[in-house]
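**Student:** Below is the structure I would like to discuss, written out as structure tokens.
Number of protein chains: 2
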Amino acid sequence: MNIILASTSTLFGGEYLEYLKEELIQLYKGIDEIIFIPFARPGGISYDDYTAIANSFFKTINIKVKGLHEFENKKEAIDNAKAYFTGGGNTFLLVKTLHDEELMYVLKHNIESGKPYLGCSAGSNIGGRNMKTTNDMPIVYPSSFDCMELVPFNINPHYLDQNPNLKHNGETRETRIKEFLTQNDIKVVGLREGNWIRRVGNRITVEGSEWTRIFEPGNEPYEINEGSEL
Amino acid sequence: MNIILASTSTLFGGEYLEYLKEELIQLYKGIDEIIFIPFARPGGISYDDYTAIANSFFKTINIKVKGLHEFENKKEAIDNAKAYFTGGGNTFLLVKTLHDEELMYVLKHNIESGKPYLGCSAGSNIGGRNMKTTNDMPIVYPSSFDCMELVPFNINPHYLDQNPNLKHNGETRETRIKEFLTQNDIKVVGLREGNWIRRVGNRITVEGSEWTRIFEPGNEPYEINEGSEL
Numbered sequence: 498m499n500i501i502l503a504s505t506s507t508l509f510g511g512e513y514l515e516y517l518k519e520e521l522i523q524l525y526k527g528i529d530e531i532i533f534i535p536f537a538r539p540g541g542i543s544y545d546d547y548t549a550i551a552n553s554f555f556k557t558i559n560i561k562v563k564g565l566h567e568f569e570n571k572k573e574a575i576d577n578a579k580a581y582f583t584g585g586g587n588t589f590l591l592v593k594t595l596h597d598e599e600l601m602y603v604l605k606h607n608i609e610s611g612k613p614y615l616g617c618s619a620g621s622n623i624g625g626r627n628m629k630t631t632n633d634m635p636i637v638y639p640s641s642f643d644c645m646e647l648v649p650f651n652i653n654p655h656y657l658d659q660n661p662n663l664k665h666n667g668e669t670r671e672t673r674i675k676e677f678l679t680q681n682d683i684k685v686v687g688l689r690e691g692n693w694i695r696r697v698g699n700r701i702t703v704e705g706s707e708w709t710r711i712f713e714p715g716n717e718p719y720e721i722n723e724g725s726e727l
Numbered sequence: 498m499n500i501i502l503a504s505t506s507t508l509f510g511g512e513y514l515e516y517l518k519e520e521l522i523q524l525y526k527g528i529d530e531i532i533f534i535p536f537a538r539p540g541g542i543s544y545d546d547y548t549a550i551a552n553s554f555f556k557t558i559n560i561k562v563k564g565l566h567e568f569e570n571k572k573e574a575i576d577n578a579k580a581y582f583t584g585g586g587n588t589f590l591l592v593k594t595l596h597d598e599e600l601m602y603v604l605k606h607n608i609e610s611g612k613p614y615l616g617c618s619a620g621s622n623i624g625g626r627n628m629k630t631t632n633d634m635p636i637v638y639p640s641s642f643d644c645m646e647l648v649p650f651n652i653n654p655h656y657l658d659q660n661p662n663l664k665h666n667g668e669t670r671e672t673r674i675k676e677f678l679t680q681n682d683i684k685v686v687g688l689r690e691g692n693w694i695r696r697v698g699n700r701i702t703v704e705g706s707e708w709t710r711i712f713e714p715g716n717e718p719y720e721i722n723e724g725s726e727l
């Protein structure tokens, strides 16, 4: 496999995908066209508008972007594609659409055969075992929470440390993930913004400028640094 | 109906349910025993421990608390009870358990017949039309997102305004609710901590010290103040 699962598409104050540019040139080496999966629709943006945003970045590295929604036969489009990018947004909407159109496992098999894949945020969630560690609001009801399992754990993108100045009693992210662990025997990678998971063949590492917080059933959470194997 | 749906059980720096004490004395007037529904299990706490926390408050207003989990026949226990309280925690866990044990509509019918109900946080989410505006992590997969519809809208508890100082690209609460509105034709009440919804008969008002933010399909969000009818 040859994949990147990133916490976010955009760093605070940065441009779309800019901080990943050098990595993406490596990921998609030799490829001149990718399929963009726009189903997560952040803020309800249209598929066309979302695809145009992806295109505005990829043209800077000479890669053409086609939206998956543009194809009549989407399974065939996935099978024929050379590489993929799934953008962020609402994970429930993304997973529901992929299951309803029976595309989740078509995509999985193509990525497992070695075609490059980039996921950001919701697009990274679907690279995990299931979507049960998303931060998103359940605005639609998917037929299943199962995902592609491109890595043998779950991802919590946009991982956020507790803000000691916040006078608020909603659960912290850490509390939420610990609640997940009471119900699931699955490791969770708390991926701070600026970090990404890189899988090349069977080697899975965490990359980026921040430490990464690991949650495992039965253990206290701990931190690993850039380049650590997962 | 005679219900309170509160944003939170506990104000920042306050004691459990303390800020609602006078309201709860009114809500449960003439009642000496209630059933507590502990299924949301915040932080994975046991049903017994969670029920003990509820009890520690209710004994200060001379009300006995029995955990629903203590009963062999839970449907019968609900039918026989005089009043209810559902505590906060994980809404997915709460809704899954209520549907799996076929208790959601038994509870609904009893509350609709006039028995007092208090919900906090997840316990308020289940008073709405469905749980699609919860903030919680989908740690388990419920058989349905449908809830009791004690009020003709959805609730977003712990409603939180954007923090302009946060250098983070995760979605704001407002963005999440607007995404919900792209997929659902249902009003959402953004209930800040300190506020609650009060329904007496057919009159539904918002109460508490904060303004309340209302999200409706096709309209810009707007604010209403204490005592406004919903």
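Listed in order, the protein sequences are those of chains A and B.
Residue numbering for the first sequence follows my numbering, beginning at 498 and increasing consecutively.
Residue numbering for the second sequence follows my numbering, beginning at 498 and increasing consecutively.
Note that beta-carbon positions come from the ideal geometry of N, C-alpha and C, so glycine has one too.
Just so we're clear, the structure is a prediction, and the values are computed from it rather than from any experiment.
1) Which residues of the region 656 to 671 of chain B have a Cβ closer than 8 Å to any Cβ of chain A? Give them in chain order.
2) The alpha helix (DSSP H) spanning B:Ile636 covers which residue range?
3) Who are the near neighbours of A:Arg700 in its chain, counting only those whose CB is closer than 8 Å to its CB and skipping five residues on each side?
4) Taking only heavy atoms of the ligand NAP into account, decide whether any of them is closer than 7 Å to the Cβ of B:Glu599.
5) For the region 538 to 553 of chain B, list every residue whose C-beta sits within 9 Å of some C-beta in chain A, in sequence order.
6) Just how far apart, CA to CA, sit B:Glu573 and B:Gly527?
7) Listing by chain order, which chain B residues have their CB less than 8 Å from the CB of A:Thr631?
8) Give me the chain A residues within the contact set of B:Lys684, using Cβ-Cβ distance strictly less than 8 Å, ordered along the chain.
9) Pick helix, strand or coil for A:Phe536, following the three-state DSSP scheme.
10) Would you kindly report the start and end of the unbroken alpha helix (DSSP H) that includes B:Gly620?
11) Assess contact between the region 595 to 615 of chain B and the region 629 to 638 of chain B, defined as three or more Cβ pairs (one per stretch) separated by less than 8 Å. Is contact present?
12) If the cut is a Cβ gap below 9 Å, which residues of chain A does B:Arg696 touch?
13) Pick helix, strand or coil for A:His665, following the three-state DSSP scheme.
14) Quick one: which unbroken beta strand (DSSP E) runs of 3-plus residues sit fully inside the region 535 to 603 of chain B? Chain order, please.
15) Of all the options A:Ser621, A:Glu646 and A:Ser618, which has the alpha carbon lying nearest to the alpha carbon of A:His606?
16) Measuring only between beta-carbons, confirm whether B:Phe509 sits less than 8 Å from chain A.
17) Can you give the Cα-Cα distance for B:Asn499 and B:Ile522, rounded to whole angstroms?
18) Along the chain, where does the beta strand (DSSP E) containing B:Glu512 start, and where does it finish?
19) Just to confirm my understanding: we take B:Met628, look at its own chain, exclude 5 residues before and 5 after, and list those with CB closer than 7 Å. What are they?
20) How far does the alpha helix (DSSP H) with A:Ile694 in it extend, from its first residue to its last?
21) Applying a beta-carbon distance threshold of less than 7 Å, which residues of chain A neighbour B:Tyr638?
22) Assuming contact is defined by CB atoms lying nearer than 8 Å, are B:Phe650 and B:Arg626 in contact in what I supplied?
**Tutor:** In short:
1) When C-beta distances to chain A are compared with 8 Å, the residues of the region 656 to 671 of chain B below that value are Leu657, Asn660, Leu663, Lys664, His665, Asn666, Gly667 and Glu668, in chain order.
2) If you look at B:Ile636, you'll find it isn't in any alpha helix (DSSP H); DSSP assigns it neither H nor E.
3) Hits under 8 Å: Glu726.
4) Judged by which ligands are present, the structure shown has none, so any question about the ligand NAP falls away.
5) Of all residues in the region 538 to 553 of chain B, Arg538, Pro539, Gly540 and Gly541 have a Cβ within less than 9 Å of some Cβ in chain A.
6) Taking the CA atoms as reference points, B:Glu573 sits about 22 Å from B:Gly527.
7) Those are Met634 and Pro635, listed as they occur along chain B.
8) Going along chain A, no residue has its Cβ under 8 Å from B:Lys684, so there is no contact; the nearest lies around 14 Å.
9) The answer is coil: DSSP assigns A:Phe536 none of H, G, I, E or B.
10) Membership of B:Gly620 in the alpha helix (DSSP H) is indicated by the continuous run Ala619 to Asn622.
11) At 8 Å Cβ cutoff, the stretches do not touch.
12) The contacting residues do not exist; B:Arg696 stays about 23 Å from chain A at best.
13) A:His665 falls in the coil class under three-state DSSP.
14) Counting only runs of 3 or more residues that sit fully inside the region 535 to 603 of chain B, the beta strand (DSSP E) segments are 561 to 564 and 581 to 583, in chain order.
15) With distances taken between CA atoms, A:His606 lies nearest to A:Glu646 out of A:Ser621, A:Glu646 and A:Ser618.
16) B:Phe509 counts as touching chain A.
17) Near 13 Å, if we compare the C-alpha coordinates of B:Ile522 and B:Asn499.
18) From DSSP, B:Glu512 is part of no beta strand (DSSP E); its letter is neither H nor E.
19) For B:Met628, where only same-chain residues beyond five positions count, the Cβ hits under 7 Å are Thr588, Val592, Asn622, Phe642 and Cys644.
20) Per DSSP, A:Ile694 belongs to no alpha helix (DSSP H); it is in the beta strand (DSSP E), Asn692 to Val697.
21) Residues of chain A passing the Cβ test: Phe642.
22) Yes. Within cutoff.
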